[in-house]
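Using my numbering, read the sequence shown as starting at 1176 and increasing by one per residue.
Every residue gets a Cβ at the ideal spot worked out from N, C-alpha and C, and that includes glycine.
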Amino acid sequence: MGFKERDVVIVGAGPSALTAAIYLSREDVPTTLYERGVVGGMAAITDQIDNYPGFAGGVTG
């Protein structure tokens, strides 16, 4: 694997990191995202999300 110079490196691929990567890409900012687990973070593998806006009891799915 060769070295690539990037303006931004994001470590982790949870919802906030993915959002940041999308916005940076839209502005043509060279960005690399690293994730060792599941893309989407805990939101991708949990069966309930607490404090979900608009749902006081959380959501399941």
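Test item: CB-CB of ALA1195 and GLY1216 under 9 Å: Stepping through the sequence shown from its first residue, residue 1195 is reached at position 20. Stepping through the sequence shown from its first residue, residue 1216 is reached at position 41. Against a cut-off of 9 Å, the Cβ pair of GLY1216 and ALA1195 comes out as no contact.
Per DSSP, which residues does TYR1209 bridge with? Please list them. Here residue 1209 refers to the residue found at position 34 of the sequence shown. In the DSSP output, where bridge partners are listed per residue, TYR1209 has VAL1186.
Candidates SER1200, PHE1230, PRO1205: which alpha carbon is nearest ASP1182's? For the purposes of this step, residue 1182 is taken as the residue at position 7 of the sequence shown. For ASP1182, the nearest C-alpha among the options comes from PRO1205.
Near LEU1199, which residues of its chain fall below 7 Å by C-beta distance, leaving aside the five closest residues on each side in sequence? For the purposes of this step, residue 1199 is identified with residue 24 of the sequence shown, where counting begins at 1. Hits under 7 Å: VAL1183, THR1206.
Out of curiosity, what's the CA-to-CA distance linking VAL1213 and THR1221? Walking along the sequence shown from the start, residue 1213 turns up at place 38. Walking along the sequence shown from the start, residue 1221 turns up at place 46. Straight-line Cα distance between these residues: approximately 11 Å.
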